[in-house]
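Enquirer: For what it's worth, our numbering labels the leading residue of the sequence shown as 116, then goes sequentially. Glycine residues also receive a C-beta, built at the ideal position from the N, C-alpha and C atoms.
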Amino acid sequence: MAERIGLLGYGYWGPHLLRNFSNLGCDVIVGDPSDDSRQRLKENRPDIDSYATLDEVLAAGVDAVVICTPARTHFGLAKQAIEAGKHVLVEKPITTNSAEARELVGLAEEAGVQLMVGHTFVYTPAVRKIREIVAGGELGEIRYATSTRVNLGPVRHDVGALWDLAPHDFSILAHVLDERPTTVSGRARSFLQPGLDDVAFLNLEFGSGAVAQLNVSWLDAKKIRQMVFVGSKKMLIYDDLAAEFKVMLCDKGVDVPRYSESYGDFKLSYRYGDEVPQELEDTEPLRNEAEQFLRCVRSGEASPSTGKHGADVVAMLEAAMKAVETEQTVPVDYLGARLGR
Numbered sequence: 116m117a118e119r120i121g122l123l124g125y126g127y128w129g130p131h132l133l134r135n136f137s138n139l140g141c142d143v144i145v146g147d148p149s150d151d152s153r154q155r156l157k158e159n160r161p162d163i164d165s166y167a168t169l170d171e172v173l174a175a176g177v178d179a180v181v182i183c184t185p186a187r188t189h190f191g192l193a194k195q196a197i198e199a200g201k202h203v204l205v206e207k208p209i210t211t212n213s214a215e216a217r218e219l220v221g222l223a224e225e226a227g228v229q230l231m232v233g234h235t236f237v238y239t240p241a242v243r244k245i246r247e248i249v250a251g252g253e254l255g256e257i258r259y260a261t262s263t264r265v266n267l268g269p270v271r272h273d274v275g276a277l278w279d280l281a282p283h284d285f286s287i288l289a290h291v292l293d294e295r296p297t298t299v300s301g302r303a304r305s306f307l308q309p310g311l312d313d314v315a316f317l318n319l320e321f322g323s324g325a326v327a328q329l330n331v332s333w334l335d336a337k338k339i340r341q342m343v344f345v346g347s348k349k350m351l352i353y354d355d356l357a358a359e360f361k362v363m364l365c366d367k368g369v370d371v372p373r374y375s376e377s378y379g380d381f382k383l384s385y386r387y388g389d390e391v392p393q394e395l396e397d398t399e400p401l402r403n404e405a406e407q408f409l410r411c412v413r414s415g416e417a418s419p420s421t422g423k424h425g426a427d428v429v430a431m432l433e434a435a436m437k438a439v440e441t442e443q444t445v446p447v448d449y450l451g452a453r454l455g456r
């Protein structure tokens, strides 16, 4: 029997999520308080029922709720849906602070329902491939990673560039490296709007000894979406804007001799091997995300972006904000640490 999905929000993401869940055979209804949004839905999809409130959506009978509304509304809507016994997929960020994120995770566990966060990048073919390569050990021990996520606008007026852009990099790094950063340090500057950063440079440290450096900005002349992973054996370049090959595996590095009699015998050898483009599956990330959510609902399968993962990303963001405000290194306070996990 097809799942009945209550989709909250018919703004930017709403039509894309509606299309994907409909194509997967779900019976979708939409909730949006905006008369204009509901009218647009009626014009585009006259076969879809729409309602103004979550109460009406729940009363219409749904198995799960998908939330793609402004971030400030995520907590209240997700909490109401979970307390009604519904599975929930909420777009990132899960909430705007860790306390609310932790509460949602606890409520979902108590209610026995699935809570998943729409960190869509972890469902892209490129990031899936990178995780596979790293987990397979082809890069060797990960030494460091860098990420550049910059462009000229759009400038937001509710959050700064760090909160807007860095969640993508945090979720990707945690997923690919299969570990979370333990500390964050960095600098940020606000040039356009007091109190809202336009550019940030972050440094992350992981328990394994790996480090990462992130640069996010909406004041750069050129749009760049690139990550580099440097291992003890090989390196990997991920260019999300590349027209053809987004992931390149590079057989390059510096080899250190195991033993030498004298300083004169100690010579580093540089390896300039092939750059091999990686074949990626041809799938839409948002469809992959929707399919994963349905698997979670049907079988209880764990997703790469559980509510706990979403709460971890919010914890990283809060630590990053504190780090740039104090210009000090800040430990990340994770939910699992508090629960003794």
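As an exercise, report each continuous alpha helix (DSSP H) stretch of at least 4 residues that is fully enclosed by the stretch 128-157, in chain order.
Expert: Entirely contained in the stretch 128-157, the alpha helix (DSSP H) runs reaching 4 residues are, in chain order, 129-138.
Enquirer: For Ala430, does the three-state DSSP call read helix, strand or coil?
Expert: The answer is helix: DSSP assigns Ala430 an H, G or I state.
Enquirer: Measure how close the beta-carbons of Arg410 and Asn135 come, nearest whole angstrom, since I'm counting them as under 8 Å.
Expert: Arg410 to Asn135, Cβ: 14 Å. No contact.
Enquirer: Where does Glu442 sit, in a helix, a strand or coil, going by DSSP?
Expert: In the structure shown, Glu442 sits in coil (DSSP, three-state: anything other than H, G, I, E or B).
Enquirer: Going by CA-CA distance only, name the one from Val291, Cys183, Asp355, Cys141 that's closest to Pro148.
Expert: Nearest C-alpha to Pro148: Cys183.
Enquirer: Are the beta-carbon atoms belonging to Gly227 and Val205 less than 8 Å from one another?
Expert: No, they are not a contact pair.
Enquirer: With distances taken between CB atoms, is the gap from Leu432 to Ala281 smaller than 8 Å?
Expert: Yes; because the gap between Cβ atoms is below 8 Å, this pair is in contact.
Enquirer: Could you tell me whether the stretch 282-290 touches the stretch 257-267, using the rule of 3 or more Cβ pairs below 8 Å?
Expert: Yes: the two stretches touch, three or more of their Cβ pairs being nearer than 8 Å.
Enquirer: Counting only the same chain and skipping the five closest in sequence on each side, list residues whose C-beta sits under 8 Å from that of Cys141.
Expert: Cβ within range, chain order: Ala117, Glu118, Arg119, Ile120, Leu409.
Enquirer: Check each candidate in Gln328, Tyr238, Leu219 and name the one with the smallest Cα separation from Glu399.
Expert: Taking only the C-alpha atoms, the option nearest Glu399 is Tyr238.
Enquirer: In whole angstroms, what separates the C-alpha of Asp448 from that of Asn159?
Expert: Those two C-alpha atoms are separated by around 45 Å.
Enquirer: Please report the distance separating the alpha-carbon of Ala216 from that of Gly388.
Expert: Looking at the two C-alpha atoms, the distance is approximately 45 Å.
Enquirer: CA-CA distance, Glu440 and Arg271?
Expert: Computed Cα separation, rounded: 19 Å.
Enquirer: How many angstroms separate the CA atom of Pro106 from the CA atom of Asp354?
Expert: Since the displayed the chain opens at 116 and closes at 456, residue 106 lies outside it and no answer follows.
Enquirer: With DSSP run on the structure shown, which of helix, strand or coil describes Val314?
Expert: Strand, per DSSP.
Enquirer: What beta strand (DSSP E) runs, 3 residues minimum, are completely inside the stretch 231-285?
Expert: Taking only runs of at least 3 residues, the beta strand (DSSP E) segments lying wholly in the stretch 231-285 are 257-267.
Enquirer: Answer yes or no: do Ala276 and Ser332 have a C-beta to C-beta separation smaller than 8 Å?
Expert: Yes, they are a contact pair.
Enquirer: Which whole-angstrom value describes the C-beta separation of Ser88 and Gln443, a residue pair presumed to lie in contact below a C-beta threshold of 8 Å?
Expert: Outside the modelled stretch of the chain, which goes from 116 to 456, sits residue 88, for which no answer is possible.
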